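Numbering (UniProt numbering), first residue to last: 1 to 375.
Glycine included, every Cβ here is placed at the ideal spot set by N, Cα and C.
Given the structure is predicted, the values throughout are model-derived calculations rather than measurements.
Structure first, then comments.
As structure tokens, then:
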């Protein structure tokens, strides 16, 4: 069976799109082709049954041109299943459903209508109405899909009246068997991995770094991920002005195996996202990634996040806008080896038992077997 996975937004090596779903399906024996956005990393063509074709990254206004290219590529593939990852591609999926008899899967990563309300590039006065319109159109186009995958549970009730097959395939980390963590480095490492922006705590993380330096604590803060040009320029200016060049490291967006090289050295994993609706209800994947590497967590005290951290005793939940509280939590962990080890071990145990990709992979393969009539 041939599968065509496509995205007009995500880089080809996105963790969920490539490393989890595409690789899992290829390992299950399906012939998978992935078409997504090019970056500065080349696919080595080293996974059986999995090929990758890349599209150029374009400005937001030019993305409809990518939709047209993806539609033409999808038609040429004559796949048994079309699996797409972006709500903007619902129109492409809708047209494919008219011209083919193939199965179509919508992989929903977030509550897109709600996310529109916090998009800074959309004028505030139109966000509410646009969110309502997009919500209606999303449900209309979804009806032509054969299945929808929810990456998180919090928004699934919004679609209970959409009569298609549904499955929760949560964004848990890839399976690891060892909890060994190289945290013997003399200087504590504080790591953040993910998209970097002001609403994701960029300014607060920089203030935390400045405060840690004022407290005469030695540390390195590694902020892994992509910035907007404006945010990156302001960040570099702040680092220079506060003499943090040796403390704050900006490696940019990295392939997964390079992110892991920082994780194994990390003493603290930080995630101080702002209390915006889409974040309040979502369980950030990075929390589970930190747990999978036995990294103690310092993260926003949103209700679900706080429950995860406190129930599993794997870190400290903080007010993300209270820099002193964040600094105190980090200092408490890096200066108390026994507490740090306990947090790390507890997190890894919970990850092994409940929060790993091996569990979700089985659900993904089962979904494919169901829609293809193989089970």
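Taking just the CA atoms, how far does residue 279 sit from residue 78? 38 Å
If you follow the beta strand (DSSP E) that residue 1 is part of, which residue opens it and which one closes it? Element bounds for residue 1: n/a, residue is neither H nor E.
Alpha carbon to alpha carbon, how far is residue 225 from residue 377? Give it in angstroms, no decimals. With the chain covering 1 to 375 only, the question about residue 377 has no answer from this structure.
Once you ignore the five residues that flank residue 361 on each side, which residues in its own chain have a CB closer than 7 Å to its CB? 24
Just the Cα atoms here: how many angstroms apart are residue 80 and residue 2? 5 Å
Give the DSSP-derived three-state secondary structure of residue 128 in the structure shown. helix
Counting Cβ pairs closer than 8 Å, one from the stretch 191-208 and one from the stretch 265-274, do we hit at least three? yes
Strictly by DSSP, which residues pair up with residue 148? 106 and 166
Enclosing beta strand (DSSP E) for residue 315 [first to last residue]: 315-318
Would you call the CB atoms of residue 273 and residue 248 closer than 8 Å? no
Extent of the continuous beta strand (DSSP E) run through residue 218: Looking at the DSSP string, residue 218 is not in any beta strand (DSSP E), and its letter there is neither H nor E.
At a cut-off of 7 Å, would you count residue 73 as near the ligand HEM, judging by its Cβ distance to the nearest heavy atom? This structure lacks the ligand HEM; in fact it carries no ligand of any kind.
Straight-line Cα distance separating residue 89 from residue 96: 11 Å
Cβ-based neighbour list, residue 113, same chain, cut-off 6 Å, excluding 5 preceding and 5 following: 131, 134 and 135
For residue 152, which residues from the same chain have a beta carbon less than 6 Å from its beta carbon, with the 5 sequence-adjacent residues on both sides left out? 282
Alpha carbon to alpha carbon, what distance is there between residue 319 and residue 300? 6 Å
If you check the beta carbons only, do residue 10 and residue 36 fall under 8 Å apart? yes
Whose C-beta lies closer than 6 Å to the C-beta of residue 144 among residues of the same chain, with five residues either side of it excluded? 94 and 97
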